[in-house]
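Asks:
Numbering (our numbering), first residue to last: 129 to 287.
Shown next, in the form of structure tokens:
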């Protein structure tokens with residue numbers, strides 16, 4: 129789907145200035161303990177599944193929706209594993225966004241993994257000890273989803 133319509137409407141008024149947005153990441157495991165990944169069309173790199181909630185959409189519902197939209201896999205969100213303010217990102221067109229990422233551990237409950245929209249080149253299940261070239265963002269989220277520790281947050285944050 130790419131950029132949601134409501135973001136396009138905001139951009140029409142706000143120009144390229146920084147937008148602070150919610151972001152959702154879903155780390156999906158199947159019954160064999162494999163993790164679901166998609167190879168993105170924009171970066172051509174493998175990644176965990178994620179997206180932006182629609183206005184009023186609950187974060188867990190967004191995780192489930194994004195997984196299905198991108199991979200045709202049905203899942204349920206089991207728990208929040210991480211909350212993190214990410215660094216600002218400047219896109220090729222000059223737009224600047226900063227995301228508050230909420231990462232969910234999810235369990236696949238149906239569907240067959242396949243490319244289901246125009247955001248992915250490939251999708252597939254991978255053993256956690258045999259991941260394709262995945263950046264630290266994805267690796268850290270998978271690690272957190274695999275452990276039973278409390279929800280991770282930046283311990284250096286003031287408070």
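Note that the Cβ used here is the ideal one computed from N, Cα and C, for glycine as well.
#1: On a CA-only basis, which of 184, 165, 183, 186 is nearest residue 176? Give me that one, please.
#2: Return the first residue and the last residue of the beta strand (DSSP E) that residue 247 is part of.
#3: Which residues share a DSSP beta bridge with residue 154?
#4: Measure from the alpha carbon of residue 268 to the alpha carbon of each residue in 183, 253, 250, 212, then state which is nearest.
#5: Please state if the CB of residue 203 and the CB of residue 163 are separated by a distance shorter than 8 Å.
#6: Cutting at 8 Å between CB atoms, please list the residues of its own chain near residue 242, excluding the five before and the five after it.
#7: Tell me the DSSP secondary structure of residue 166 in three-state form.
#8: Express the C-alpha separation of residue 228 and residue 271 in angstroms, rounding to a whole number.
#9: Within 10 Å of its beta-carbon, does residue 174 have 16 or more other beta-carbons around it, so buried, or fewer, so exposed?
#10: In angstroms, rounded to a whole number, what distance separates the CA positions of residue 185 and residue 209?
#11: Whole angstroms is fine: what's the gap from residue 244's alpha carbon to residue 141's?
#12: Taking its Cβ as the centre, do 16 or more other Cβ atoms sit within 10 Å of residue 179, making it buried, or is it exposed?
#13: With residue 183 and residue 134 assumed to form a contact (beta carbons below 8 Å), what rounded beta-carbon distance in angstroms separates them?
#14: Between which residues of its own chain and residue 130 is the CB-CB distance below 8 Å, once the five residues before and five after are set aside?
#15: Whose C-alpha, out of 138, 190, 171, 283, is nearest the C-alpha of residue 232?
#16: Starting from the Cα of residue 215, find the closest Cα among 132, 136, 151 and give me that residue.
Replies: So, from the data block:
#1: 165
#2: No beta strand (DSSP E) holds residue 247; DSSP gives it neither H nor E.
#3: Beta-bridge partners assigned by DSSP to residue 154: 177, 232.
#4: 212
#5: no
#6: 199, 200, 251
#7: strand
#8: 19 Å
#9: buried
#10: Looking at the two C-alpha atoms, the distance is approximately 19 Å.
#11: Each residue's Cα considered, the two are about 31 Å apart.
#12: buried
#13: 6 Å
#14: 246, 247
#15: Ranking 138, 190, 171, 283 by Cα distance to residue 232 puts 190 first.
#16: 151
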